[in-house]
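Colleague:
Number of protein chains: 4
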Amino acid sequence: MKKTATLLVSCPDKKGIIQAVTKFLLSHNANILHANQHLDTENNLFLMRLEWDVADFSLCENEFHSNFEEVAKKYGMDWRLKSNQIKNRVAIMVSHYDHCLADLLHKHKNGDLDCEISVVLSNHKNAEELVNFYEIPFHYIKVTKENKEKAEQKQNEILNRLDIDLIVLARYMQILSPDFIRRYPEKIINIHHSFLPAFIGAKPYHRAYERGVKLIGATSHYVTEELDGGPIIEQDIARVSHRDQITDLTRKGRDLERVVLSRAIRRHIENRILIYANKTVVFK
Amino acid sequence: MKKTATLLVSCPDKKGIIQAVTKFLLSHNANILHANQHLDTENNLFLMRLEWDVADFSLCENEFHSNFEEVAKKYGMDWRLKSNQIKNRVAIMVSHYDHCLADLLHKHKNGDLDCEISVVLSNHKNAEELVNFYEIPFHYIKVTKENKEKAEQKQNEILNRLDIDLIVLARYMQILSPDFIRRYPEKIINIHHSFLPAFIGAKPYHRAYERGVKLIGATSHYVTEELDGGPIIEQDIARVSHRDQITDLTRKGRDLERVVLSRAIRRHIENRILIYANKTVVFK
Amino acid sequence: MKKTATLLVSCPDKKGIIQAVTKFLLSHNANILHANQHLDTENNLFLMRLEWDVADFSLCENEFHSNFEEVAKKYGMDWRLKSNQIKNRVAIMVSHYDHCLADLLHKHKNGDLDCEISVVLSNHKNAEELVNFYEIPFHYIKVTKENKEKAEQKQNEILNRLDIDLIVLARYMQILSPDFIRRYPEKIINIHHSFLPAFIGAKPYHRAYERGVKLIGATSHYVTEELDGGPIIEQDIARVSHRDQITDLTRKGRDLERVVLSRAIRRHIENRILIYANKTVVFK
Amino acid sequence: MKKTATLLVSCPDKKGIIQAVTKFLLSHNANILHANQHLDTENNLFLMRLEWDVADFSLCENEFHSNFEEVAKKYGMDWRLKSNQIKNRVAIMVSHYDHCLADLLHKHKNGDLDCEISVVLSNHKNAEELVNFYEIPFHYIKVTKENKEKAEQKQNEILNRLDIDLIVLARYMQILSPDFIRRYPEKIINIHHSFLPAFIGAKPYHRAYERGVKLIGATSHYVTEELDGGPIIEQDIARVSHRDQITDLTRKGRDLERVVLSRAIRRHIENRILIYANKTVVFK
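Protein chains in written order, with my numbering: chain A, 1 to 284; chain B, 1001 to 1284; chain C, 2001 to 2284; chain D, 3001 to 3284.
Here is the structure:
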């Protein structure tokens, strides 16, 4: 795999932004591989993703920061640089249902998820052996109504110690506290088992069954303080019929959840996602 | 096309129902072409659709009614017979947007909708020429807040006079009164431009855009007094991205609406749908 | 889970078949849960699947065989009975790529595949630990041009000894000999990584890339002597674009293959599939 | 709608291309709305689409041509400029089946296809009234084995006289001569009723039925001298089952064909497509 860097930029739209950024990169001998830009005319917001080969690139990451600041300042840019040589450090949180976890662990081992899975945290013990098989640290942290604050403290300690970049809620069925969520802005990805905004909250398959829908869905989104209300990254659906009982919806849904969650994670770790106005721009 | 009859049956489940019905049909020399049964174990409800070749069948429709009553009574059946030789008489109601209408008219002419389109009612005039082109009667009935009751009276008169079996709301943007709806139970099919139950009510594409969904949908359902709350017949979705503005959602949605509405109508006129517990059983 | 039996029937169409079979079942006190029939008018072929609750059913499997023979003979039926209490004994054959295998093993453990996985055979060693983790016997059998016949003998011995009902080729990249295939008619299910009949044979993703398709697919089918030419059970597709390189097609394809293969296996082990004219009837 | 211009560029990859082009545009006061680039590393080919607001742009189209030549030469660019103020002049060719035609005419009238439909040519008369209704010129040109050359001459005369930019084969069932095709390179779009490369040539639905596929497809592609072998623009599929007879495949296929063809045309007239190596790059 080529060594590359990606730059995500957002700023108020003005003439000349693309030219300014590409000129900067060129002056440091970058060979641009992918360029992708989006303009939200409603909000006059310019958004861009650039990826370049760093083989001949003359700046190291620190130099980039100091040198690019001038351009960034001029246009009022928010920006984020990422080298594909430095893997995202990912923590997976999971409860009883381990189908997404098993899928992610296998994809990671296969090379389909280019990150480091640093730890798995669970409020159940059943996934421990599976996680051990993949030689990833597993921590069982019991969560009850009473100990929730303490449990989150323990989780936080581990996440901090491991310097986690991304938390994946792979069917983690506890609601995180606002405090917890605020520590990890745009860094927690959840899989919800409905096509949001339909069936927010608990038991979406039961409610889908009750409503008699002909499609079920799954949605991967960033977690914000509003339950199932954060920026949507990816969604997909499967067809169901009157023959499908709740167990069938649940089973069909598992295949959806696996696929939708892993797609969302890939896009995050490839530095493809910009967030604004509670929505995502996903550069493909 | 073969001359066939279809029978839809629902009743409390008991042993022997299939045997009883098929024995009855056989005794009158029916050649069964399709048999499809569903059991809702939760509600102990038996549901079935049978279709048979009437070439050798010894009963006319009236005779069927009197003869079958004994079987039906024994099992407490709700049942509905339909000959494919007697076309459903369909009225289409439409407002400004005529894309579903145009699609239905062309499909009908092509032979893809095996019904009679008896009339088109609109609170706008723009579709008149198109409807005339297809040689179908068109009535313009203005609807305002003030004249709504009178307008519905006029609509009712026409629908009654034409002995309409099915009313299709092909993007008819007026909310029908409970009175109107009660006259046509399980006989009004609507197309709603979202994947229900998401985005009930007005401006679903605007709200989908605002929420930043990655899929938009369309839903065809029977109309009940609860807004967008009736039994769902068919749904489908299309993928969207951050590049899609509201006009793009609307345009992509039009293709969805066309397809979803026409599928729902086909299933209704082929006598494939049973309704209970605010859900549909659609026999394919 | 309810104890049920399923009966699959095919025979030349005649009046009275449904009545005859349901009368037989009723006389032995079966409570029919699902009935599904299909008529191929072109070939005058009647096909049916019945599933009933065996709680009150008065016949054991042996008695069924002797008692039903009279009905079967009268109509010239091919038929197959299966109790959901007797699990299919499944062997999985796999080569280097283990993503389908990993998915099947996890689904099986989860209860999503209601069968017994009796053994995994591979011409590679890499999956051994994974299979061991799930506590399923693993046999490494090297296959080369020279030893192919001997290798198949070893495979056959194991399959015979374990009384295997179904062989799943979960990305097994060796072509089986006609001799081998003939031993297991309608008992070998393969996953091919294209939407057949496009891209039969080797390297379908490479050829899809070369052709510039906008969709890739996967197909699960019964294996016959004609390469990738057997009856299709299930297919699905994923969207690709010019941005997707062969590695992307391969990765996206893996998700397809997992889902398509496991769906096909489920339908087989639920006794839902009838085969004729090199096609499948899949009762849902 | 904003007045915009789009530029499509392809050339051997080198450092600095994006910078050079955006610098050029900036120097003439363009406000870039969309920028999209793709690099085919295998072929070392750089491809880009830029769209800018022309409100403040200081060059007219002729000036652009003379001024941009210097940049283009330096990098060996193939390039194509298109203003959205100058509509593509489109000819539709159609045979007996008019469902795609009817859909395109209605979409055009609705504003969903931003082009001029200059003429409809048909070797059948049945669509004449429909085309007249939409007030578009219709020419009936009979095509037989014997008169094919003459018929193509007549078609060519009309197409030349009207200065046609794009020819849409909306289920035109005659094979065009190599001579005809060579006159309109990358200017003829066809809809084929299969997921190519499966079922090339005649009667794809019949062959899909015979093969027992579980998905049918439609493909829109540029026409080259190789039958159904040109660069693919768009494909989509629909699910079918054993219940679907050839007439059902054909009917379901019609909805696919409508949608797939109109999507492909939109992308062409929005100047989003680059072709190389018999494949398309479709910038979205």
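The beta carbon of each residue, even a glycine, is placed where N, CA and C say it ideally should be.
Report the CB separation of ILE1181 (chain B) from THR1219 (chain B) in whole angstroms; it is logged as a contact under 8 Å.
Modeller: Not really, about 17 Å apart at Cβ, beyond 8 Å.
Colleague: Residues of the region 2099-2116 of chain C in Cβ contact with chain A at a cutoff of 7 Å, in chain order, please.
Modeller: Cβ contacts with chain A: HIS2099, ALA2102, HIS2106, ASN2110, ASP2112.
Colleague: Mind checking if ILE246 (chain A) is an interface residue toward chain D, Cβ cutoff 9 Å exclusive?
Modeller: Answer no: the Cβ-Cβ gap between ILE246 (chain A) and chain D never drops below 9 Å.
Colleague: Roughly how many whole angstroms lie between the Cα atoms of ALA2072 (chain C) and VAL2054 (chain C)?
Modeller: In a straight line, the C-alpha of ALA2072 (chain C) is about 20 Å away from that of VAL2054 (chain C).
Colleague: Are the C-beta atoms of GLY1212 (chain B) and some chain A residue less than 9 Å apart?
Modeller: Chain A contact via Cβ: present.
Colleague: Using the DSSP secondary-structure output, state which residues sit across from THR1006 (chain B) in a beta bridge.
Modeller: Answer is B:GLU1051, B:LYS1082.
Colleague: Tell me whether ALA1202 (chain B) is buried or exposed, calling it buried when 16 or more other Cβ atoms sit within 10 Å of its Cβ.
Modeller: Exposed, because fewer than 16 other Cβ atoms sit within 10 Å of the Cβ of ALA1202 (chain B).
Colleague: Rounded to whole angstroms, what is the Cα-Cα separation between SER3118 (chain D) and GLY253 (chain A)?
Modeller: Distance between the alpha carbons of SER3118 (chain D) and GLY253 (chain A): 49 Å.
Colleague: LEU3215 (chain D) touches chain C at which residues, Cβ-Cβ below 8 Å?
Modeller: Under the 8 Å cutoff, chain C gives PHE2195, GLY2217, GLN2235, ASP2236, ILE2237.
Colleague: Between the alpha carbons of ASP1236 (chain B) and ARG1267 (chain B), how many angstroms are there, rounded?
Modeller: So the alpha carbons of these two residues sit roughly 15 Å apart.
Colleague: Do you know offhand how far ARG1171 (chain B)'s Cα is from ASN1147 (chain B)'s?
Modeller: Straight-line Cα distance between these residues: approximately 20 Å.
Colleague: How would you write the range of the beta strand (DSSP E) that SER2220 (chain C) sits in, first residue to last?
Modeller: Element bounds for SER2220 (chain C): 2215-2222.
Colleague: Is it buried or exposed for ARG1161 (chain B), if we count other Cβ within 10 angstroms and need 16 for buried?
Modeller: Label assigned to ARG1161 (chain B): exposed.
Colleague: With three or more beta-carbon pairs closer than 8 Å as the criterion, would you say the region 2035-2045 of chain C touches the region 2064-2084 of chain C?
Modeller: Taking 8 Å as the limit for Cβ pairs, the verdict is that the region 2064-2084 of chain C does not touch the region 2035-2045 of chain C.
Colleague: Apart from the five residues just before and just after ASN278 (chain A), which ones in its own chain have a Cβ nearer than 6 Å to its Cβ?
Modeller: Closer than 6 Å at the Cβ level, and outside the excluded window around ASN278 (chain A), lie PRO231.
Colleague: Considering only C-alpha positions, which residue in the set C:LYS2109, C:PRO2012, C:HIS2193, C:ARG2243 is nearest to PRO2204 (chain C)?
Modeller: Ranking the options by Cα distance to PRO2204 (chain C), first place goes to C:HIS2193.
Colleague: State yes or no: is the beta carbon of PRO231 (chain A) nearer than 9 Å to at least one beta carbon in chain B?
Modeller: PRO231 (chain A) counts as touching chain B.
Colleague: Does the CB of LEU2039 (chain C) have a neighbour CB from chain B at under 9 Å?
Modeller: Interface residue, yes.
Colleague: Applying a beta-carbon distance threshold of less than 7 Å, which residues of chain B neighbour ASP3255 (chain D)?
Modeller: Per Cβ cutoff of 7 Å: VAL1259.
Colleague: Determine, for THR2022 (chain C), whether the minimum Cβ-Cβ distance to residues of chain B falls below 9 Å.
Modeller: Taking Cβ atoms only, chain B reaches closer than 9 Å to THR2022 (chain C), which makes this a yes.
Colleague: Apart from the five residues on each side of it in sequence, which residues of its chain come closer than 8 Å, Cβ to Cβ, to GLN1174 (chain B)?
Modeller: So the qualifying residues of the chain are SER1095, ASN1123, VAL1143, LYS1148.
Colleague: Against chain A, with Cβ distances strictly below 9 Å, would ALA3208 (chain D) count as a contact?
Modeller: Cβ-Cβ to chain A under 9 Å: no for ALA3208 (chain D).
Colleague: Are LEU2274 (chain C) and LEU2008 (chain C) close, meaning C-beta to C-beta below 9 Å?
Modeller: In this structure, LEU2008 (chain C) lies closer than 9 Å to LEU2274 (chain C) by Cβ.
Colleague: With a threshold of 9 Å between beta-carbons, can LYS2284 (chain C) be considered close to chain A, or not?
Modeller: So yes, LYS2284 (chain C) belongs to the interface.
Colleague: Using three-state DSSP, classify PRO1204 (chain B) as helix, strand or coil.
Modeller: Three-state DSSP puts PRO1204 (chain B) in a helix.
Colleague: Helix, strand or coil: which one does DSSP assign to THR3022 (chain D)?
Modeller: Note: THR3022 (chain D) maps to helix in three-state DSSP.
Colleague: Would you check if the distance between the CB atom of GLU270 (chain A) and the CB atom of ASP114 (chain A) is smaller than 9 Å?
Modeller: Going by C-beta atoms, GLU270 (chain A) is nearer than 9 Å to ASP114 (chain A).
Colleague: Check this for me: beta carbons of VAL2021 (chain C) and VAL2090 (chain C), under 9 Å apart or not?
Modeller: Not a contact, by the Cβ cut-off of 9 Å.
Colleague: Just curious, the beta strand (DSSP E) that ALA2122 (chain C) is in, first and last residue?
Modeller: The question names Ala, but residue 2122 (chain C) in the sequence shown is Ser. First-last of the beta strand (DSSP E) with SER2122 (chain C): 2116-2122.
Colleague: Quick one: residues in its chain with C-beta nearer than 6 Å to the C-beta of ILE216 (chain A), no 5 flanking neighbours on either side, listed in chain order?
Modeller: ALA208, ALA238, VAL240, LEU249, GLY253.
Colleague: Residues in the same chain with beta-carbon distance under 7 Å from ILE3158 (chain D), minus the five sequence neighbours each way, listed in chain order, please.
Modeller: For ILE3158 (chain D), where only same-chain residues beyond five positions count, the Cβ hits under 7 Å are VAL3119, LEU3121, HIS3139.
Colleague: Taking the C-alpha atoms as reference points, what is the distance between VAL2260 (chain C) and LEU3059 (chain D)?
Modeller: Going by the C-alpha atoms only, they are around 55 Å apart.
Colleague: Shortest alpha-carbon distance to GLN3245 (chain D) belongs to which of D:SER3262, D:ALA3264, D:VAL3213?
Modeller: Cα-wise, what sits closest to GLN3245 (chain D) is D:VAL3213.
Colleague: In chain B, what lies closer than 7 Å to GLN2019 (chain C) by C-beta?
Modeller: Residues of chain B passing the Cβ test: GLN1019, THR1022, LYS1023, LEU1026.
Colleague: Starting from MET1087 (chain B), follow the alpha helix (DSSP H) in both directions and report where the run begins and ends.
Modeller: At residue 1087 (chain B) the sequence reads Lys, which differs from the Met that was named. Per DSSP, LYS1087 (chain B) belongs to no alpha helix (DSSP H) and is neither H nor E.
Colleague: How would you label GLU1257 (chain B), buried or exposed, when you count the other beta carbons within 10 angstroms and need 16 or more for buried?
Modeller: So GLU1257 (chain B) counts as buried.
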